[in-house]
Amino acid sequence: MENSTMDKGLKRFIWISRAEGISFLLLLGIAMPLKYAFAMPLAVKYVGWAHGILFIAYIIQLLIVGIKLKWDELRILFGGIAALLPFGPFVFERSLKRNSKSE
2 MENSTMDKGL KRFIWISRAE GISFLLLLGI AMPLKYAFAM PLAVKYVGWA HGILFIAYII
62 QLLIVGIKLK WDELRILFGG IAALLPFGPF VFERSLKRNS KSE
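The opening residue of the sequence shown carries number 2 in the numbering used here; numbering runs sequentially from there.
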């Protein structure tokens, strides 16, 4: 039972991670150019709002999963830094999958 709870938490983290990564790319690649090139600030307002909520959910879920799975502080820190970089959550997810296969 404990293992399925951990799996659910990790799956939830991966889905939040993907959504957060996509929202960040949408913010940088579509909303920001619309704001500055075409004077459409509402794109940044709404995409930025969604990204902010997803970012907070990502950090909270990262901490929850990191504690439950007993990740070391460096892995949790890497996950937090990954959220600040474009494509970072995707790279972090890939490293998690690579590490889980080797364990």
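Ideal placement from N, C-alpha and C gives every residue a C-beta, glycine not left out. Keep in mind the model is a prediction, meaning the values are calculated, not measured.
- Residue 74 is classed as exposed because its beta carbon has fewer than 16 other beta carbons within 10 Å across all chains shown.
- Under the 10 Å beta carbon count, residue 29 is surrounded by fewer than 16 other beta carbons and is classified as exposed.
- For residue 92, the number of other beta carbons within 10 angstroms of its own is below 16, and it is reported as exposed.
- DSSP places residue 83 inside the alpha helix (DSSP H), whose first and last residues are 74 to 83.
- Residue environment for residue 80: buried (at least 16 other C-beta atoms within 10 angstroms of its C-beta).
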